[in-house]
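*Asks:*
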């Protein structure tokens with residue numbers, strides 16, 4: 338197999354030496370320091386590079402600048418433009434301030450250096466004795482390895498600091514819309530980075546939460562209304578302010594930051610910032626979002642609180658609202674079969690007056706309401722299951738604590754080996770990353786164990802209370818409350834041709850009713866869809882770590898009421914109706 342030899346560039350001589358220069362700072366903050374477009378670092382690098390070009394007798398013909406781009410990635414715009422440029426232009430030198438301006442990992446460093454050499458370009462550092470001589474290349478390799486270690490170690494230390502900041506209630510990321518990241522000075526002149534309420538946007542954010550909590554707004558309608566009211570994002574140097582899209586609005590309504598919590602790397606902490614949304618309103622918003630999602634319905638013309646919940650008992654199609662007009666102009670609202678209406682099914686289901694359906698559904702609640710005896714049975718079963726689960730949890734928590742201590746000792750031992758030069762750098766980095774990742778998982782599990790079981794038990798207790806009083810609660814609720822009741826309690830409600838009602842209960846009500854009647858349900862089999870369901874009542878929707886429901890499912894061998902909560906998503910709905 339033939340190989341192509343890459344010759345080392347020869348230093349040019351005479352007046353034909355042409356050079357390019359590459360400048361970079363890692364953060365946008367550095368690029369804008371001092372109120373200028375380039376800050377202080379880029380002009381300083383430019384001056385040093387120009388002095389180096391003069392000492393080489395070269396003329397700089399083009400400059401490439403990446404402002405606010407990390408060297409840990411190679412897809413920087415100016416860097417890629419520079420590599421393309423040297424392929425089509427005769428260039429003698431590429432001058433950088435330091436080699437870490439080009440790359441901070443060995444793989445990218447080799448790739449970039451190889452591209453320059455193939456184009457006949459010599460890499461030169463303005464502040465380091467790096468060139469194409471053997472000693473210069475050796476120094477280049479050493480400095481590149483140091484840059485990679487510095488970058489990895491800096492990332493670890495930054496992450497550690499951000500975790501510590503979050504654990505004390507600080508905000509480790511950019512504050513969401515409605516808040517401002519503010520810098521202040523204390524009495525001795527130290528800089529403080531804190532969070533303040535945005536006086537312009539907070540009233541609109543607060544209104545959005547309260548409006549959506551009523552259940553009368555869809556995401557699309559709420560988005561359009563907020564645009565009309567003037568809610569826009571904060572401008573940045575890269576992006577001007579703009580109205581919120583549907584995705585951004587959904588993330589805003591799902592963010593527990595507004596009720597006072599800080600979520601960082603999957604762990605929830607009590608925030609030190611001032612909450613602008615009461616917890617009960619935030620939880621109600623989550624319930625409405627789950628209800629809209631599970632019922633696949635939205636608010637539109639001819640809306641009714643039963644839409645999305647009732648189905649044809651003959652063909653299984655949805656029942657939709659239709660308004661019929663009599664000869665005298667009187668309008669009569671009906672539910673009709675969507676399958677028959679669109680001729681998708683041979684259904685013969687006749688139209689049924691909406692008023693009759695409302696009465697039938699209200700009466701159906703009596704048939705599923707728990708009696709006092711059923712309630713006592715359920716409460717006893719919940720207490721028994723959770724007592725057993727608490728014992729298992731205590732044992733597992735002790736094991737997790739031992740694992741955390743062991744990993745901490747491994748981490749200390751690894752540092753000792755590193756300081757004694759008893760382990761090479763690559764192995765040290767691999768082991769350091771492994772231990773850090775394992776420690777993060779263990780610490781997250783320990784945090785979850787301290788709260789998940791008691792919260793779940795309380796949710797199930799609220800569910801049983803709702804089941805005992807569901808008929809009265811439903812009868813006394815307004816249209817919004819009735820919609821939430823139906824979407825929490827039922828998967829589907831069927832209306833047969835004889836106007837009889839039958840229903841598929843949603844979890845956990847289906848299993849609770851079976852248990853109360855003495856029917857022993859089988860343990861649910863966890864599925865990827867179930868484990869990733871956003872309807873877990875104790876897991877906020879933006880959380881990406883392992884779902885607590887999967888942790889519980891792994892631990893319970895037989896039937897346990899604890900498993901019922903994973904898909905319920907009803908805790909605020911039932912407790913506030």
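Residue numbers (our numbering): 338 to 914.
We put the beta carbon where it would ideally sit given N, CA and C, even for glycine.
Computed from a prediction, not measured in an experiment: that's the story for all the values here.
Assuming the contact rule is C-beta atoms closer than 8 Å, residue 849 and residue 801 should be a hit. Round their C-beta distance to whole Å, please.
*Replies:* That pair is a contact at about 7 Å.
*Asks:* Taking all protein chains shown into account, do 16 or more other C-beta atoms lie within 10 angstroms of the C-beta of residue 758, making it buried, or fewer, making it exposed?
*Replies:* It counts as exposed.
*Asks:* Following the continuous alpha helix (DSSP H) through residue 851, name the residue where it begins and the one where it ends.
*Replies:* It spans 846-853 - the alpha helix (DSSP H) in which residue 851 sits, taken as one unbroken run.
*Asks:* Start and end of the alpha helix (DSSP H) containing residue 381?
*Replies:* Where residue 381 is concerned, the enclosing alpha helix (DSSP H) stretches over 378-393.
*Asks:* Looking at the structure shown, is residue 423 part of a helix, part of a strand, or coil, going by DSSP?
*Replies:* Helix, per DSSP.
*Asks:* When you compare each of 561, 705, 784 and 771 to residue 852 by their alpha carbons, which one comes out closest?
*Replies:* Residue 852 has its Cα closest to that of 705, out of 561, 705, 784 and 771.
*Asks:* Are residue 830 and residue 814 closer than 8 Å when you measure CB to CB?
*Replies:* No; because the gap between Cβ atoms is not below 8 Å, this pair is not in contact.
*Asks:* If you compare alpha carbons, which of 776, 360, 710 and 644 is closest to residue 439?
*Replies:* Measuring from the Cα of residue 439, the nearest candidate turns out to be 360.
*Asks:* Less than 8 Å between the C-beta atoms of residue 919 and residue 655, yes or no?
*Replies:* It is not possible to answer for residue 919, since the shown part of the chain is limited to 338 through 914.
*Asks:* Residue 807 lies in the alpha helix (DSSP H); which residues open and close that run?
*Replies:* First-last of the alpha helix (DSSP H) with residue 807: 807-813.
*Asks:* Less than 8 Å separating the beta-carbons of residue 538 and residue 514?
*Replies:* Yes, Cβ-Cβ distance for residue 538 and residue 514 is below 8 Å.
*Asks:* My understanding is that residue 586 touches residue 559, with C-beta atoms under 8 Å, so please give their C-beta distance in whole angstroms.
*Replies:* Correct: roughly 6 Å between the Cβ atoms.
*Asks:* With a cut-off of 8 Å, do at least 3 Cβ pairs link the segment 683-693 to the segment 768-786?
*Replies:* With a cut-off of 8 Å, the segment 768-786 and the segment 683-693 do not count as touching, because too few Cβ pairs lie within range.
*Asks:* Between 592, 551, 775 and 611, which has its C-alpha nearest residue 605's C-alpha?
*Replies:* When only C-alpha atoms are compared, the closest one is 592.
*Asks:* Considering just the uninterrupted stretch of the beta strand (DSSP E) at residue 309, what are its terminal residues?
*Replies:* Because the chain here runs from 338 to 914, residue 309 falls outside it and cannot be looked at.
*Asks:* Looking at the unbroken alpha helix (DSSP H) that takes in residue 649, where does it start and where does it end?
*Replies:* From DSSP, residue 649 is part of no alpha helix (DSSP H) but of the beta strand (DSSP E) over 647-649.
*Asks:* In this structure, how does DSSP classify residue 702 when only helix, strand and coil are distinguished?
*Replies:* Helix, per DSSP.
*Asks:* Taking one C-beta from the segment 696-705 and one from the segment 676-685 each time, how about it: are there three or more such pairs within less than 8 Å?
*Replies:* No: fewer than three Cβ pairs fall under 8 Å.
*Asks:* Would you report the Cα separation of residue 502 and residue 726, rounded to the nearest angstrom?
*Replies:* Each residue's Cα considered, the two are about 33 Å apart.
*Asks:* Which full runs of the beta strand (DSSP E) of 3+ residues lie inside the segment 494-551, going along the chain?
*Replies:* Counting only runs of 3 or more, we get 516-522 and 528-534.
*Asks:* Is it right to say residue 551 is buried, meaning 16 or more other beta carbons lie within 10 angstroms of its own, or is it exposed?
*Replies:* With fewer than 16 Cβ atoms within 10 Å of its Cβ, residue 551 is classed as exposed.
*Asks:* Tell me whether residue 894 sits in a helix, a strand or coil according to DSSP, three-state version.
*Replies:* Below a pLDDT of 50, predicted positions are generally treated as unreliable, and residue 894, at 27, falls in that range; the measurement from the model is reported next regardless. Three-state DSSP puts residue 894 in coil, outside helix and strand.
*Asks:* For residue 875, is the classification buried or exposed, using 16 other Cβ atoms within 10 angstroms of its Cβ as the cut-off for buried?
*Replies:* Unreliable placement is indicated for residue 875, whose pLDDT of 27 sits below 50; no coordinate value is reported for it.
*Asks:* Tell me, to the nearest whole angstrom, how far the beta carbon of residue 506 is from that of residue 609; I am working on the premise that it is less than 8 Å.
*Replies:* At roughly 3 Å, the Cβ-Cβ gap stays under 8 Å, so residue 506 and residue 609 are in contact.
*Asks:* Which partner residues of residue 607 appear in the DSSP bridge assignment?
*Replies:* Residue 607 pairs with 598.
*Asks:* Quick one: Cα of residue 413 to Cα of residue 458, how far?
*Replies:* So the two alpha carbons sit approximately 20 Å from each other.
*Asks:* Excluding five sequence neighbours on each side, which residues of the same chain lie with their C-beta closer than 7 Å to the C-beta of residue 636?
*Replies:* Residue confidence for residue 636 is low, a pLDDT of 42 falling below 50, so the modelled location carries little weight; the figure read from the coordinates is stated next. Around residue 636: 553, 554, 555 and 558.
*Asks:* Could you check where the alpha helix (DSSP H) with residue 399 kicks off and where it finishes?
*Replies:* Taken as a continuous stretch (DSSP letters only), residue 399 belongs to no alpha helix (DSSP H), being part of the beta strand (DSSP E) at 396-404.
*Asks:* Could you tell me the boundaries of the beta strand (DSSP E) in which residue 641 lies?
*Replies:* Segment: none, residue 641 is in no beta strand (DSSP E) and carries neither H nor E.
*Asks:* Would you call residue 363 buried or exposed, if buried means 16 or more other Cβ atoms sit within 10 Å of its Cβ?
*Replies:* Buried is the call here.
*Asks:* Just the Cα atoms here: how many angstroms apart are residue 827 and residue 649?
*Replies:* Cα-Cα distance, rounded: 15 Å.
*Asks:* Thinking C-beta only, is residue 626 closer than 8 Å to residue 590?
*Replies:* Against a cut-off of 8 Å, the Cβ pair of residue 626 and residue 590 comes out as a contact.
*Asks:* Cα separation between residue 400 and residue 358?
*Replies:* So the two alpha carbons sit approximately 5 Å from each other.
*Asks:* Measure the CB-CB distance between residue 356 and residue 434 and report whether it falls below 8 Å.
*Replies:* No.
*Asks:* According to DSSP, which residues form a beta bridge with residue 661?
*Replies:* In the DSSP output, where bridge partners are listed per residue, residue 661 has 669.
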